[in-house]
Every structure is written in structure tokens, then in C-alpha cells.
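One structure below.
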Amino acid sequence: MLELIVISTLNGVLYGMLLFLMASGLTVIFSMLGVLNFAHASFYMLGAFFGFQISRWFGFWPALLIAPLLAGAIGAAVERFGLRRVHKNGHVAELLFTFGLAFAIEEIVGIIWGKVPVDYRQPDILDFPAFTIFSTNYPAYKMFMLAVSVVIFIALLLALKRTRIGLIVQAALTHPHMVGHLGHNVERIFMLVFGVGTALAAVAGVIAGPSLVTQSNMAALLGPILFVVVVVGGLGSLPGAFIASLLIGLLQTFAVSINGSLASLFGPLGPDLAATWLNDIWNVTIAQIAPIMPYLLLVLILIFRPMGLLGTRET
Amino acid sequence: MTDLASSSVAPPRPTLSDRMKFYGIWILTGLVLLVLPKVFSSGGSMTTFSLVGISIIFALSYNILLGQTGMLSFGHAVYYGLGGFLAIHAINIVGFHKWPIPLPLMPLIGGVAGLFFAALIGWVMTQRSGTAFAMISLGLAELVASSALILRSFFGGEAGISANRTKLFKVFGLSFGPQIQIYYLIAAWTLIAIIAMYALTRTPLGRMCNAVRDNPERVQFVGYDPHVVRYIAFCFSGFFAGIAGALAAINFEIANSAYLGAVQSGTVLFAAYIGGIGFFIGPIVGAIFVTVLSLGLSDLTQVWQLYFGLFFIAVVLFAPGGITGLLMMHRPLVRAGMLSRMLPSYAMAALPTLALCVGLMLMIETIVHYTVNPNEDPHIQAFGIPFDAASPITWVTAAVLIVGGFLLARRAWSRVGETWDTTLTAARAKVHAL
Amino acid sequence: QETVKIGYIDPLSGGGASVGEGGLKTFQYLADELNAKGGILGKKVEIVPLDNKTNPQESLIQAQKAIDAGVRYVTQGNGSSVAGALSDFITKYNERNPGKEVLYFNYAAVDPILTNDKCSFAHFRWDANSDIKMEALTNYMKDTPAIKKVYLINQDYSFGQSVRSTARAMLAKKRPDIQIVGDELHPLLKITDFAPYIAKIQASGADSVVTGNWGQDIALLLKAAADAGLKVNWYTYYAGGAGGPTAIKQAGLDHKVFQITEGFANVDHKASQDYEKAFRAKVGLSLWYPRAVNEMRMFAAAAEKAKSLDPIKVGKALEGMKFEVLDGGEGFMRADDHQFFQPIYISSFGEIKPGQFDEENTGWGWTQVAKVDTPQTIVPTTCKMDRP
Amino acid sequence: MMLEIKDLHAYYGKSHILQGVDMHIDAGEVVSLLGRNGVGRSTTVKAIMGEVPPHGHILFKGKNIAGLPSYKIAHLGLGYVPEHRDIFPGLTVRQNLMLGIKNPRNPGKWKLEDMLDMFSNLKARADTPAGVLSGGEKQMLTICRTLMGDPELVMIDEPTEGLAPIIVQQVGDLIAEIARRGVAILLVEQKLSIAMRISHRVYVMGHGKIVFEGSPDDLKANSAVRKEWLEV
Amino acid sequence: MSTAIELRGVEKSFGVTKVIQNINLTIAQGERHALIGPNGAGKSTTFNLISGYMRPTTGSILLRGEEIAGMKPFQINRRRLSRSFQVTNVFANMTVWENLRCAVLWATGHRYAFWKNIDNLPVVRERTAQILEDIHLTSRRDVPAGLLTYAEQRALEIGITIAGGADVILLDEPTAGMSNAETERAVTLIRRLTEGRTLLIVEHDMSVVFGLADRISVLVYGQIIASGTPDEIRGNLKVKEAYLGEEAA
Ligand SMILES: Nc1ncnc2c1ncn2[C@@H]1O[C@H](COP(=O)(O)OP(=O)(O)OP(=O)(O)O)[C@@H](O)[C@H]1O
Ligand SMILES: Nc1ncnc2c1ncn2[C@@H]1O[C@H](COP(=O)(O)OP(=O)(O)OP(=O)(O)O)[C@@H](O)[C@H]1O
Ligand SMILES: [Mg+2]
Ligand SMILES: [Mg+2]
């Protein structure tokens, strides 16, 4: 029991931090700019592939620096020449724009790097088990991921607290002209925020790429889980996203470790019911549905607390 | 107030000729649907038409939410899919028991299923609007799509549930085996659904939907509960989505988890938006466009997804009102009979734009050749045009077309903008003067 | 000149494209090979690529399109859902369009139902279905006393579920002493972190894991296992799929991962090794589908035997046909259910001897562990086929 | 001369709203721009700020600012209080005020705490979202927010709209206080009373042009202009 | 004379700040009652409480004797009480005609009907046309409300408020931002439209207040400090000090 709890907690925290790493950029973009950026995972993928390519040429550490800068620059360009023009047509237009972008990026990556997974490896100096608990290894690379997530969290928190960018962006969402009249360069700030958001996505890509699968459909496979993190955490709240990541990580991990089902609780169904569709529900284990629990959480949170856990505004 | 005064203040009632025109359009549509298979008779075009019909209903049902009531849903396929599954089960059960229910009524079962689930889920969902609603729909869609693989006896797991549509009670001796009969079945239902959904926009409820979209707060102060308005709209939307799903199930004789998936939900959003959510016919245009594009593009090029993406980006950037919006912009000009003034500048702009597009395609296809199929014969074909990817002439042509096309197109389009402004002002003035 | 058109319906874009394109190149290579020998009954073979985007509905549209274009034979492999829909569609099409029948050659979809309850005269399968593979695997396990505790982890959809249930049933029968210490289903292609699952396997004390996972689900599973330092043997269906070898190499699981296939590059059989060499030289890929070779060769043989390209006649000729498979040994197309039976190999992935074939440029390759002969792979069928 | 406008034109689409406006404001001066509804007073200040594309010369401290983006204009020292009280509803009163500061490292003569002390209403609501303020409170907040940017010239568009008479007096006092601290003011008003009380000079606008310029006393004396252009 | 609206001991707090403190107010049927007071006194909040936009912390609000505190806005509206907003709040993308028609629908009993053609409802049509004439926007019938000028939007705001035929009407600063001439026109309009109905109006323009109201209540810091006829209020020293200032005196 103790073993289970310790291991699950550790795994949950690690997974949660991986989620936060991937979602941090989305928090910045979605909750600050209000852009439902469906191409976020594509920038994550770009980060992974840039990371792969650059680490081939110059090694992992330069890649960790250069790839996000590149992806951030692309993101900023996307904002400058695309999203900015679409912005006035509302959220749906922005969303479709990013949809189209995601399509195009996936195909372009496929054209350049092919469709089979590339051999993107973690740096050798991190390729050792950091510690072992109950005969399970925890590799140093995972600890590195954890550390980066925490660093990003703290850095973002400080950046948003210290600078007034968050306030300016929030104000500019409703009254862009007025913010301009007060002497703030709204357009540049939007571009900056989008660039930083995409760069963060790329950081996640560079780091997660080696430990996950770096492939041209990795963006599509990530699915909407990142939105879940941001929305559950509460729009506009970075700590919210952090807590939501942990919560989802733990929830999912602990759920995986539970084999219980209705059948194990109440015994198997009678023979006349066993053949019906009830049987499926009856025999589903918690572990089996663990990965869809975040979505359940999302729906429930939005119904009962539409602001999210720590959110400050509803939409 | 005398009747006379009020009728001069109120918008004029449609004249007889207006009304004739209005009904004429429907009759004409019906006729076109009737003769279409005579013109294009191959099995493939029958399938295409059937699919277009289905996606028209689906896109219109989606627009009840997005365009009319202002609700962005990421999970509309849930009702489409459940409609499809229920219809498949119904076909199987009805066929098994030999009940005298003919196939043409099956879409109703799908519709009722869609309605039922929309009514069930909708009440809590429609309490929220905006992003919260969108995100709930996203989460819910994920849940339903995932459970489709878990609840195997109902959803048939990954393989889905199949049925045989010819095993039902026959009316008028129709077996509904051949695609042509299915085409007519779908065409009839499409027409009915379009008319019904159009009529819906012209009812008190339809108007209140628009009001809720514009300003849900104020709606409360004219006596309406915006939640209820959203809910009813949601139910209708589920109903028609269910009909579309059932038709799809009849067409393919199978329902599987792909019906419920994110791709389906995304496609309908695309279709509605690309067509133009601000107009009733927008989603119709969009559905035709997107269906034909997604069926045809993959035959023309290997990297169709790239073109698909670029196309959507282009539409969102340059035609924010969708294709219909682009066309409708010209209405004042047509009314003033001044459309012809725009045509020369359009022609001027179209040429370099086309060049730009061709150049881009040439470049993309050449690059694709070198990265994806490097070992193959460089004499390749894209969009039916053969060219030699290895020849420097191709590269130079592509470069010239892109750079030249871009520069000229930019100029020409700003010219178009100017002509547009003056023509529109003139047209407005002319119409006012009348 | 008229050609024999074979409609190739598989994903050529989107997530599944890497697999679909590999298959397409294989079939085109095979068509070239046949054409070099004069084609089938003097007619050239032409492969018509049709992109189904891994979507069953789209597959039916493509099939319809192909039939319009005069295709009488289609072949498909990726996705049991697609296969089920396609088989159903073609069966109905044949019923409704007598005289214009179409045959469907399945080269990779392994759902047993296609040759059991939902069998059809129009459907022929060259890949061993998942029951057959499990039969072979459990026959191997039966004789491997080191296996004592088995953990099952599978994707939660029909294929994964069938792997899991047959594994349970067959092990219970053949090796009742083997303990099933865990039986996990997880959603298809939704997991990014397999650590919790690995923790469970770790805790269960399993020595072997049986999994039908494919795609990123197998790659991530193996990587997570390596990260956690889990030491078990992996019995898999698809570890050799695109990207799998790369992942195993990254994870450093030298000869820990086993695969059940009807053949692999390093099979000790000269003909197939020569074939592999020629294939790699021309196409630049390893031959994933030895069964595709059997399929095309048997198709040609059947047409020659029937002296006709009429699908019904070809189909009848294929029924019961015996054939020397590419990797050596005899296989046969069972007439009852149109399932092909052939020798099955269990191989492991890791360091290889010099001169052997590696995979995905990893320097590692597949090495034979066991061969299960045709008779030991035969499973019963419930198929009751309507024949024209 | 602080601000000088020469032959300023502006359009909404094709309608020609400003048809050659000429005016100037000296440092430390309080100038009112009067006129009826819809003559283009708001458009004038919007054109100066670049919210409406200006055609003509706008010299601020000798530099032509026509066509500059508004944030650059603001940085030159021009403050603007728009007529519809564009407060940021989601931000608190304090945050609204903070956004008025252009350069946090170099705050000007208006301190946040002073502002709050001056308006007890705002002080009491300092940490509530500005969206829930009463109409009058919003008006005060907008003025204060602009002052936080330490402008050398503020243009205030209809500050007394919707204010209780007693608050109108307070706003008048505030404007006088602003002027006393050496900030030039361009006041766009409809109600004459305040304008007459505190202005050094007044302009009257009619149909997109300046139709009268002079001291408040001149205007009082000139009943023809008042009758024709101000409908009092 | 029966009472239209009665507030009994109504209080409203936001967090710790008590914005409305124990208001007691009775407005008779058919009376034109003005609510004045300095900015931030709680006038709009009072409107919000009566119209159901907010729920009072304590106290009760009676509409023709029926308790309405805690009801939803639409429930109150269906009891024939209607309000306008201080900040224009119309359906910006719909035409003037549609705006008014939406406001007429519930009261004419068409509710959520999805089986009736909206253009074939003669009663709705006539009422809408009538209101359109009343607010002098006939020539702007087919213009989207968002494109109207400010004064026109204010007129439309009033039109929507009265369109449902409510007999208790709450207007929040209906003439704010209008020129003198427009204000005069608006006052005439309001006077005519509210003939025989109960009116509660918030205004800062004293000419409007004194020209329109039968009775006036003065709200300061959430408390009613005076209530009476225009003349009484004009003469009230407390009111002068707290609200009117020296100028209007
Ligand atoms: N966004 C706009 N689009 C079109 N016309 C406009 C727009 N804004 C203002 N106008 C028109 O421009 C003219 C001048 O408007 P402006 O706002 O400058 O008037 P103003 O003098 O400030 O009057 P007010 O007392 O209404 O504030 C008016 O006739 C108005 O109708
Ligand atoms: N939701 C809320 N949360 C906190 N304070 C609020 C809220 N709503 C209103 N207030 C405060 O209550 C007070 C009364 O506001 P109200 O809008 O009723 O004033 P008013 O009398 O209408 O003023 P004005 O004449 O300026 O419109 C104000 O100080 C305002 O800041
Ligand atoms: Mg103005
Ligand atoms: Mg108020």
C-alpha cells in the first residue's frame, strides 16, 4: 500500500509537471490573449523537431536554447502577419486560423522530417537513474524535466507579477485603443506574448521530445488535454494551471492504480443482464478510464465552477 | 393607430412576385436535386452528392448553434454520431422483427435520438455560454468518443455496427440497395431539413436566438430566459444533427466511433465557418465546398493536408464572412447594376494571384518530390499537370511566379480596394436616389 | 492496353501515412515484379493508390470511386475498423451488383471476426489473425518454462480486447500454471505517460508482458519501462512497426522485446533474404509485409489457374490453395473462412551478427527465437460462408 | 506653443467630418472646445490621438504627430480622456490607475495615493473591479488614470456627462487643480458653465470647422454665435 | 391609489461595503417618481435590485404587493416591470425593427414559439410599428442598432424598455449624453409613453427631473435622505448640500 502511494504520488507529480511544461505556453496565450490556439501542440512539435535537428548539429544544450527562440520567432511572425488581422473577427476566426495552421505545420514537418519517428535522444549526461525507490528507477532526465517545469513556473510567475504586461494585455482585450492612448504599444505586446507562449511550447517540445515519441503526428496525438489543464486551472491564472496540472497528473496516476469496477464492488451482473450493454459499464475498471478522467473533471468543473480552480474571469 | 400608418412603418409585406420568387427558389432547388443524377450518373458522383446532402444538414444544424445563437461547440458530432448509431440499431431491429417501418423513416429515429441526447445533456451545458460552453462541449465530446470504444455492445467497438438497409419493409418496391435510391432519399431529407431549418429562423424562437447571441443580458429584460432559448436551440440543433447522422448511417450502412470523433466535429465547424455563419445559406455553401474539397483534393496531391490548411488560413484572413460573405458583399452593386464596374479590376487581380498560387504549388510539389519520394522519377504530376521536378526551368518558373505574382497581386488588390470603395459609394448613392 | 487494377486503400496522409506509404511502395514493387514477368494472364498489373485517411467511411467512398474506375480487386490492411467496413461494403456490393463482383485482399487487418462471424466470400486474409498469432505464441510459451507470471496490457478497443481475452483463454488451457498477474486496458493513443502502468507491472512481479500495442503506445510503453528499470520480456505483435525499433534501441532493451510475425528480414531462408536485399536496395525500406508478397503471388497463381480475371473464379481458385511462402515452408488458404495459414516466427530485437539486416538504421535487428509451423497455428472458425 | 493644428481633415468612411480645423493651445493654458452634438468635437480629439486617421498638420511641441501610432503620441506627453469612459472593467481601480503610468521607473507628479486621497469614492473602491463602479466614479477614474501618465496636455472629452451637479463641481475643481499644476488642458464640453468658469480661451465648432475663437467673456458677449452654434 | 413598487428595509452589500442601507420606498401606481443622488449613491444598484439583476442582501421588494426579491430578471419582466440601462444595452447586430420586435414578443404571448412565422403575427407587427413611430426612428428601421448615433441608441433603449407594454417602467439616466434639444424631445417622449403607467427614473439633469417627476426621492450613500414633491426637494437644505450644490440652488 505504502509502495503504491509513494510511487503513484511520484509518478503523478512527474506527469503533472510534464503537463504543466507543455501547457505553460498555452496558459500564457489562451488565458492572456484569449486565443484558443489549437496550433499550440504544433509549436510543441516544432520545438521537438528543431531540438532534434539542432542537437544533431550542435548538441542538446544549444538546442534547448536555439529551438525555442526559433519557434518563438515563428510564433511572433504568425501573430504579426496572421492572427493580428484575424483578431478583430472574433475568437472563432482566430481558432480556425490556428486550426489551419496546425494542419499546415503537421504536413510541413512531415515533408521535411518524414512521417516515421525520428531518433531523438536525451543527452548522455542525464542518461542515468537519479534514484531508486521500491526497485523503480527514476531517471535523471525526468528530474530535469521536473526542474525545468518548476523554473518556468516561478519565472513566469515573477515575470507576470513584476511586469504589468498581464494587466495591459487584459485591458487591451476589451479596449485596445484606450490602452494605446495610455502609451502602451499593444501590438508589440501581443506579439511578444504570443512569441513567448510558442517559445514555451517549444521548450516543452525540446525537452519532452526525447522521452516521448518525436513524430509528425505527435501534435495531433496530444489532443485537447492541454486545454483541460488551462481551463480547469482557471483562465488567467498561472498558479491555477500549475495546480490543475498536478491535480490531473495525480488523479490519472492514482486512477490507473485502481482496478475496481462496479462488478468488483457489487459482484457480476445476473445472466439476463450480462449480455446487454450494461455489462460493459459494469465491468469497466477505474484504471481503464483513468486517461479520460481529466475530461470528466473539465466538464464538472465548468458546470459547477465556471471560473476554474483559481480563475478570475469566466470566459 | 390606424392600419394604414402601421403598414407604412412596418417593413413592407412581401409582394406576390417576391413570394413567387421565394417559393420558386425552393421548387427550383427540388428540380435541380431531381435531375442532378441524370447529369452526373457515375456511382462516385452519386456518393459525393449523398455526402454533400448529409453534410449540408449537419452544417446547417451546427449553424443553429454557432451562427444563430452564438454558441461555439466542439462536440457537435456527438449528436450526429448518436443519431447514426440509433438509426443503425433501429434498422437492425426493425429488419430483424420485420416490422413494417420503411427505411425512409429511419432518419427520424436518428433525429429523435439526437434530440433526446441534446435534451439530456443540453440543460446543464447551455447554462454557460462563450468559452465555458465551448470547453464543456470539448470535454463531453472526448468523453463520449472514448466511451464509444469502451461500451462495445452498443457502439460495436472499433469496428462499429453495420446493418443492411435493403432488409427493411419495402415501399413502392424500392429496395434502397442502389446508390441512386439512397441519393433520392437523402436529397428529399436534405430539402425537408433545409426548409425546416430555414423556417425555424423565421419564428419568434429564431429571432430570440439571434437576440441571445447579440446580448444575452438584455434578453432577460424583455421577458426571456436566455438559458431556455439556448437550450431549445441546442435541442433543435441536436435533432437535425441526428437526422444527418442517421442519413450517413444509411448511406454507409455502418456506424462507428469515427462518427463521434473530433474530426467530425471539427469538419462541421470548418464547413459552417468557411461558408459563412452570418447567412442562412453560408453553411450550405461551406458544406458543399468542404466535402468536395476533402474528397477530391487527396486525389490531386499527396500533401493535400497542407493545401487544406493554407486554404483555411486564406479564407479566415481574406474572407472573414466566409465565401457567402464575399458574395453577399456584392449585393448592393448587383442591385445598382454596377457589378460590371468591378470586373476589370478583379480580372487584373486574379491573374497575378493565380500565378502566385501556381508558383506556390509548383514549389511545394517540387520540394515534396525531393524530400518524400527522392528516388522516384522526377516527372511528376500535381493537380493533373505533369512537370519535371528535376529541371531547373521548373524551379525558375516557380520562383518567378511566386515573386512576380506576389508583387503584382499586392498592387492589383489594393487597386481593387480603391475601385471597390468608389463603386460602392456610387452604388449606394444610386440606390438611395431611386 | 487493359490492365489488372488493384485498388490500394490505406492512409496516405495524416497520422497513418507512414505505414500506408510503406505498404504502397511494397505493392508497387510487387506489381513491377509481376509485370517484369509479363503480368497476370498477359495483362499488366497496376496499383491504384486511394487515400482513406484511416477513416472507415472515407474508405468506402474510395472503394466506390475505385469500382467506378474499373477496379475489381482491392487490398487494404491498416485498421480493423476499416477492414470491417470494407468487407461489409464489398459483400453487399457483390450481392447488389451480380456480375460486377469485387474481391477484397486483406494483408494486415487482424481482427478475428473477419474470418469468423463476419466472414465473407469476397474477403481473403493473408496476415495471421490475432488468434492465430496468440495460438502460436502460447504454443511457444507452453514450452518455455521460464515464463511464470504474465502481465497483459492492451489498447482498449476490439483488437486489444481480443488479444487479452484469447491470451487468457489459451494460457489457461495450455499452461494453467502460468499466473496472469495483471490485465490492463488503456485508451487507444491517449497516454503520454506510461509510468503508472509500469509501476503496476513492477509491483505485480511479472516476468513477461504480452501486448498488442502499436504506434506510440508501444514506443512509449517500452521507453517508460526502460526508464523505470523494469526487467521483463515483452511479447508483442507490433514492436517492429514504424518507429518501434528506434524506440527499443533508445530504451536499450537488447533482446528483451519479442515479436510474433509471419516472417522477418533475418529468417534463415536464402530466397527471402535475397528478396529482402533487393527490396531494400530498390525501395529503401525493410520489407514489413512478407505476406504481401504471398498475396500477390497467390493472386497471380489463382488467376492463371482459373484462366480468368473474373473475381468469382479467382476467388474459387484461391480457396484451399497451397503455397510455398516467401520465408519458406508451406501455407494454405483455408476455404472455410479465407484465412491463410503459414509458419509463424517469434523473434527478438537486439544486437545482430555482422552481415545481418538491421532496422531503421539502429544497428540492431531481429533474431529468430522460435518458429511455429503451420499445423500448430490452426485455430477453429465459426464462419458460415455464403458462396456465389 | 504646445499644440498646433493646421487644416485638419478627418473622415468616417466617405463622410467628411472635419473640414479644416485650425486651433492651438499654449503651455499651461486651459482651452475649451464647444459646440453642438455631432459637430465633430470628439472627432477632433480622436484625430489628434490617431484613433481616426488625420489629414493635415498636428504639431505637438513642434513635432508633427499626424499619423503616429497613439502610444507614441501618448509618450510625447499628450493625455486623452475619451468620452465613453473606457475603463478596464475586469481590472481593479488601482490596476486601472497603474496602467496609466507609462514608465514605472519614472513616475510623474501625480502619485497613485494622492489620487485616491483626492477622491474618497475611488479610495473606498480601490480594490474592486472597475466595471462595477457607478457612472460618476468611472468618470473620475478615467481622468485620474490619464493623469498618472504625467501628460503635459490633457484632452478631456465631456467629463461631466452623467454626473450629479455636486460632482460636476468637484470635477471642475479637479480640472482647475490640474491646470494649476501647469498642465495644459483641452476641454471638450457641451455644458457652458464649467467651460466658462475655468477656460482661458474657448473655441466654438460648427460643421467640422472652428467658427469662433476668443475668451469666455467674448463668447458671453457674442450672442449671435451662441444662438447659432451653441443653442443655449 | 394602490402601490406599484414597495421597498421594505432593503439592504445590499458587496463584500464588506454596504451600498444600500435600509431603504424604504413606496411608489404609487401611476406616479412618476424620480430617484436622484450623487454618483455612487446606489441608484443604479436600486434599479438592479428591483429588476432582479441582483438579489438584495436583506429586505423585501414588492411589485403590486407580490414579493419579487430573488426572482430572475425575466420573471420580473413577465410581471410587467421593465427597465432601461444607464449604459446603452441593445442588440447591436440586429436592426432597429428586430430590436423592438424582440421586446414585443413575450408580452404578446408568442414566447418560445417555433411553429409560427414571425412575419405573420399582426399584433406583433403593429405594436412594433407603433413603438418605432413613437421613438421617431421610422427612417432608421433597417439599420443595425450598433450603427445608430448615440442619441438614437438612447431612444431605442427607451423603446425596447416600453415595447413589452410594461406598466412599471424604470429608466436609468435616459437622457445622458443628449444635447438640450434632444433632451427636451426625450422628455416629451417619456412623458407621453408613460402616460398612465408608473415611472421610476434616475437622472442627473435637474430640468428633466423637475419637469417630469410627481415625486422625488434623494438617495445619498445608500440611504434615502428626503422624499417629496419637486418643490419640497428644491427647498430641502440637506438635499442642497448633498446633491445639488450651490449651482442649481
Ligand atoms: N464611428 C463612426 N462612424 C460613422 N460616423 C461617425 C462615427 N462616429 C461619429 N460619427 C459621426 O461623425 C460626426 C461627428 O461626431 P463626433 O463624435 O465628433 O461629434 P461630437 O461633436 O463629439 O458630438 P457628441 O456630442 O455626440 O459627442 C457625427 O455626425 C457622427 O454621427
Ligand atoms: N458588484 C459590485 N461590487 C462592488 N461594488 C459595487 C458593485 N456594484 C456597485 N457597486 C458600488 O456601489 C455603489 C453604487 O453604485 P451605483 O451604480 O448604484 O451608483 P449610482 O447611484 O447609479 O451612480 P451614478 O449616478 O454615478 O450612476 C458604487 O460605489 C459602486 O462602486
Ligand atoms: Mg463627442
Ligand atoms: Mg447609475
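Protein chains in written order, with our numbering: chain A, 1 to 315; chain B, 316 to 749; chain C, 750 to 1137; chain D, 1138 to 1369; chain E, 1370 to 1618.
All residues carry an ideal CB built from backbone N, CA and C; glycine is no exception.
Shortest gap from the CB of residue 1521 of chain E to any heavy atom of ligand 3: 6 Å or more. Residue range 1249–1255 is occupied by the alpha helix (DSSP H) that includes residue 1255 of chain D, with no beta strand (DSSP E) assigned at that position.
Not flagged as an interface residue toward chain D: residue 159 of chain A, since no C-beta distance is shorter than 7 Å. Residue pairing by DSSP places residue 806 of chain C in no beta bridge whatsoever. Residues of chain A with a Cβ closer than 8 Å to the Cβ of residue 732 of chain B do not exist; the shortest Cβ-Cβ separation is about 14 Å.
Those residues that bring their Cβ nearer than 7 Å to a heavy atom of ligand 3 are D:1178, D:1179, D:1220, D:1294, D:1295 and D:1325.
Taking the Cα positions, residue 156 of chain A is about 37 Å away from residue 951 of chain C. At least one heavy atom of ligand 1 is found less than 6 Å from the C-beta of residue 1175 of chain D. Per DSSP, the unbroken beta strand (DSSP E) holding residue 1090 of chain C starts and ends at 1088–1090. The residue from E:1588, E:1579, E:1591 and E:1554 with its alpha-carbon nearest to that of residue 1603 of chain E is E:1579. If you look at residue 1031 of chain C, you'll find it in the alpha helix (DSSP H) that goes 1019–1032. A heavy atom of ligand 2 is found nearer than 6 Å to the CB of residue 1414 of chain E. Taking 7 Å as the cut-off, the beta carbon of residue 942 of chain C is found no closer than this to the beta carbon of residue 907 of chain C. Between residue 437 of chain B and residue 554 of chain B, the CB-CB gap reaches or exceeds 7 Å. By the 16-neighbour rule on beta-carbons within 10 angstroms, residue 883 of chain C is buried.
Between the stretch 734–742 of chain B and the stretch 991–1007 of chain C there are fewer than three inter-stretch CB-CB distances shorter than 8 Å, so the stretches are not counted as touching. A Cβ-Cβ separation of about 14 Å leaves residue 49 of chain A out of contact with residue 198 of chain A under the 8 Å criterion.
Beta-bridge partners assigned by DSSP to residue 1174 of chain D: none are found. For the stretch 603–626 of chain B, the residues whose beta carbon sits under 7 Å from a beta carbon of chain A are, in order, 618, 620, 621, 623, 624 and 625. As computed with DSSP, residue 1320 of chain D is found in no beta bridge at all. Residue pairing by DSSP puts residue 1115 of chain C in a beta bridge opposite C:1098. The three-state reading of DSSP puts residue 282 of chain A in helix, counting H, G and I together.
Take the alpha-carbon of residue 1152 of chain D and the one of residue 1328 of chain D: they are about 27 Å apart. For residue 1584 of chain E, the enclosing beta strand (DSSP E) has its first and last residue at 1584–1589. By the beta-carbon neighbour count (other beta carbons within 10 angstroms, threshold 16), residue 1371 of chain E is exposed. Taken through DSSP and simplified to helix, strand or coil, residue 646 of chain B comes out as helix. Scanning C:797, C:821, C:831 and C:794 for the CA closest to the CA of residue 807 of chain C turns up C:831. Listed along chain E, no residue sits closer than 9 Å to residue 1267 of chain D by beta-carbon distance, the nearest being about 13 Å off.
Remark: the C-beta of residue 1276 of chain D is outside contact range of ligand 4, defined as less than 6 Å to any heavy atom.
Taking non-hydrogen atoms of ligand 1 into account, the C-beta of residue 1149 of chain D is found less than 6 Å away from one of them.
Between residue 64 of chain A and residue 51 of chain A, the alpha-carbon positions lie close to 7 Å from each other.
Among the residues of the stretch 1412–1443 of chain E, those with a Cβ less than 7 Å away from any Cβ of chain D are 1413, in the order of the chain. Straight across, the Cα-Cα distance linking residue 508 of chain B with residue 375 of chain B is about 9 Å.
Comparing alpha carbon positions, the residue from C:1007, C:818 and C:1070 closest to residue 962 of chain C is C:1007. For residue 98 of chain A, the enclosing alpha helix (DSSP H) starts and ends at 91–113. Selection E:1550, E:1499 and E:1491 evaluated against residue 1529 of chain E yields E:1499 as nearest (Cα-Cα).
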